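>
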Amino acid sequence: MKNRLILMRHAKSDWTKKHCTDFERPLTARGQKAAIQMGKWLKQQPFHLDRIICSPAVRTRQTGQLVLKELGIPYSQIIWESAIYEASLDALIAIINHHRLNTQTLLIIAHNPGLEQLLCHLSKDPPPINESGKILTAAAIAILDYDHNPITTDPCQAHLSYLIRPKELRSTSH
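Sequential numbering from 0 applies to the sequence shown in numbering that gives the first Met the number 0.
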């Protein structure tokens, strides 16, 4: 069985809510649809999530809950990790190292720029950048494969097998 690390950026959040702190920003309707769409895509993949770690910020919490609903996984399976909110590369590495043992497939739902930095750090392959210069757009999923090796945070040890963005799924579903 392959070992995998799945990185997911939260779906599109609502910047019009002036009374909200950054932590409290909810998803937009478009963000909710994208999270559901990405959950459906994950459900079609041939692996089972062993561990799900998520930032407790409202937008990541909502993203995680919508994805897990599509996967038929109870919300109680989510590990809410407060250190993920605004985490640096080093903080994300520490979180993965804490949770990776005895885990074949680990999903992390978090924020940029730390998530993009983590992807670039771990991947042997340079991740493709979209037309706006971003790697992980809102609700994007990157799947890093370690083959039969354990998940590690050492640089350039994982193969980037998928980088899926909601916009790309919409364009293939028409």
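The C-beta atom is built at its ideal place from N, Cα and C for all residues, glycine as well.
Since we're looking at a predicted model, the values are computed, not measured.
Are the Cβ atoms of Leu106 and Thr152 separated by less than 9 angstroms?
no
> Inspect the beta-carbon positions of Ala137 and Gly30 and report whether they are closer than 9 angstroms.
yes
> For the pair the region 42-53 and the region 100-120, tell me if three or more CB-CB distances fall below 8 angstroms.
The region 42-53 makes contact with the region 100-120; the number of CB pairs closer than 8 angstroms reaches 3 or more.
> Per DSSP, Tyr145 forms a beta bridge with which residues?
Bridge partners of Tyr145: none, in fact.
> Indicate the three-state DSSP secondary structure (helix, strand or coil) for Tyr161 in the structure shown.
DSSP places Tyr161 in the strand class (E or B) of the three-state scheme.
> Give the C-beta separation of Leu91 and Gly71 to the nearest angstrom, bearing in mind that I take them to be a contact with Cβ-Cβ under 8 angstroms.
27 angstroms between Cβ atoms; not a contact.
> Per DSSP, which residues does Trp79 bridge with? Please list them.
Looking at the DSSP assignment, Trp79 forms a beta bridge with Cys53.
> Taking only the alpha-carbon atoms, compute the straight-line gap between Glu130 and Ile163 and give it to the nearest angstrom.
CA-to-CA, the gap between Glu130 and Ile163 works out to about 14 angstroms.
> Apart from the five residues just before and just after Leu168, which ones in its own chain have a Cβ nearer than 8 angstroms to its Cβ?
Gln36, Met37, Trp40
> If you draw a straight line from the alpha carbon of His173 to that of Ala139, how long is it in whole angstroms?
The predicted position of His173 is uncertain, since its pLDDT is 45 and thus under 50; no value can be drawn from it.
> Just verifying my parser: in three-state terms, what is the DSSP assignment at Gly38?
helix
> Any idea what DSSP makes of Arg99, helix, strand or coil?
coil
> Run the CB neighbour count on Cys155, radius 10 Å, all protein chains shown included, and call it buried at 16 or more, exposed below.
exposed
> For Asp124, I'd like the list of residues in its chain whose CB is within less than 8 angstroms of its CB, leaving aside the five on either flank, ordered along the chain.
His158, Leu159, listed in sequence order.
> Got a sec, what are the start and stop residues for the alpha helix (DSSP H) Leu117 sits in?
113-121
> If I'm right that Tyr161 touches Ile142 with Cβ under 8 angstroms, what's the distance once you round it to whole angstroms?
Between Tyr161 and Ile142 the beta-carbon gap is near 4 angstroms, inside 8 angstroms, which marks them as a contact.
> For Ala33, I'd like the list of residues in its chain whose CB is within less than 8 angstroms of its CB, leaving aside the five on either flank, ordered along the chain.
Exclusion of the five residues before and after Ala33 leaves Ala10, Lys11, Ala137, Ala138, Pro165 as the residues of its chain whose Cβ lies within less than 8 angstroms of its Cβ.
> If we ignore side chains and look at the alpha-carbon of each, how far apart do Met0 and Asp146 end up?
7 angstroms
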